[in-house]
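One structure is given below, encoded as structure tokens.
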Amino acid sequence: MPVVVLGLDVAGFTDRDPYVQKEIQKAWPEIVEEACRKARIAEDDHTNPRSQERGDGGFVAFRTSGVHKDFIVADLVRKMGIQLEYYNRYRFGDGRIRLRVALHCGDVYFADSWTGLAVNECSRLLESSPVRNALEDNPSIGLAVIISPEMFKGAVVDGEQGVRVDDYQEVEVKVKEFRSSAWLGIPGGAAAAELVDSLADTEVATLADIYDGRGSATQLLRDAGIDVSLLAPAQVNPWERPLSSMEFWRGVNDSLRSGALPQGRRKILELARYDFFISAVREDESWAQWIAWILSEEGYRVHLDDSSYAHTDDLTGVMKLSRRWLAVLSPAYLKSDPFGSVWKRGWQRDPDHLWSTLVPVRVRGCEPTGVLAKIPGVDLFGLDKNAVRTSLIESARGWVRKIDRPNGQPRTPEMPDAG
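Residue 303 in this note's numbering sits at position 303 of the sequence shown; the count goes up by one each step and never skips.
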């Protein structure tokens, strides 16, 4: 059957923890389905995105008798970008989805597993360096599309939907034995491709709040593998006039925008993020400290300070920079409900995201209610010391993918063997 094949891959999928992967596997087909609805493509004119799902992506076929090629490029891909932006709006770091999309046309033989050159060549386009590099080199961009020559001619060159040839760049594709030209684009036109790596205003404010001294901020940049000599002298020279933490990080962002720190945003946020933010009440401070110590000993980065015990109605900067939130549950915690408004608002806005971010940790006999009762957690109540440690460590391995971070130990110098 002659169809247009849309192939899709989620960038960086395998590097995420299992709970985030599960959320993404559920989300990307919904993004495609909603884009099809917004583009008014009938369900009979396209296959179910889940029918050829591969975990980190899949294939969708569109009947050319029902949907014109130029309509797919001009409208569907654009609406996929809009739905993706909507999904990512309240997500941060590993929770965000970035997509590689490939388009090709030809005959496909439908069975349990699709076959045909159109599917094979679409797979090669998805695997190719040009579309991978487009996302890696432009972290601010959420979607990149690569189009086969046949599809490009029918949808863009000969199309009637006003798609401009100048919005695409011709590239060479070399994957294994496959060789072809293709056309690479960023939905939004040429201007979108000029976006550069930079921090959002909320990210700047969060980093300024956490790394509020020039020394600690500069050390973070060094640990992230960033050449601080590329920063302005006022940022790294202690003899220059004092800078507020906000001024420092705004200066770093200026360097990111200028292109002086390639892929700097990703490097900074990857290292700056906490693996766990702990929420507790003072009555359970010893439990919170014990949990933080066990996880820290395992190499996780844990945030536990006065903000962990404070009441708040909104997500704090540290929480936005944390992969998982651990709520230490007890009768006192449930009575105080210090983060109740945050949990409730998060559940109303996106229950799947809260499900994969919040972990209730019960340390005393109690019965959670509301949002905390809907989310699975871990019970440490009634366990001895060794069992608590084992349960917490085993659970943490499923919650968060551990990041290799500098441990502060200097390199061992050369010295003679003990004789």
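The beta-carbon is built from N, C-alpha and C at its ideal position, and this holds for glycine as well.
Asp9 is bridged by DSSP to Gly57 and Arg100. For Asp212, no alpha helix (DSSP H) segment is defined, and its DSSP state is neither H nor E.
Secondary structure within the segment 132-204: the alpha helix (DSSP H) runs of 4 or more consecutive residues, fully enclosed, are 149-152 and 190-193 (chain order).
When the five nearest sequence neighbours on each side are left out, the beta carbons in the same chain lying within less than 7 Å of the beta carbon of Ile31 are those of Met80, Gln83, Leu84 and Tyr87, in order along the chain. Across the structure, Glu297 and Thr47 are spaced so that their CA atoms are roughly 49 Å apart. Around the Cβ of Glu203, a 10 Å sphere holds 16 or more other Cβ atoms; the residue is buried.
Residue nearest to Val342 within the set Ala332, Trp325, Pro331 and Leu329 is Trp325 (criterion: CA-CA distance).
Taken through DSSP and simplified to helix, strand or coil, Pro242 comes out as coil.
Residue pairing for Pro360: DSSP places it in a beta bridge opposite Ala327. C-alpha of Trp249 to C-alpha of Gly317: approximately 14 Å in a straight line. Taking the C-beta atoms as reference points, Leu117 is found no nearer than 8 Å to Val4. Note: Cys366 is not bridge-paired with any residue in the DSSP secondary-structure output. The C-beta distance from Val163 to Ala74 rounds to 5 Å, short enough to fall under 8 Å.
Straight-line measurement puts the Cα of Thr312 at about 19 Å from the Cα of Arg91. In the three-state DSSP reduction, Arg301 falls in the coil class, being neither helix nor strand. Close CB contacts of Glu150 within its chain, under the 6 Å cut and outside five residues either way in sequence, are with Cys105 (chain order). Per DSSP, the beta-bridge partners of Val4 are Phe62 and Cys105. Following the DSSP letters along the chain, one finds Ile31 inside the alpha helix (DSSP H) bounded by residues Pro18 to Lys38. In this structure, Pro360 sits away from Ala387, with a CB-CB distance that is not shorter than 8 Å. With a cutoff of 8 Å on beta-carbon distance, Asp379 and Arg362 are scored as near each other.
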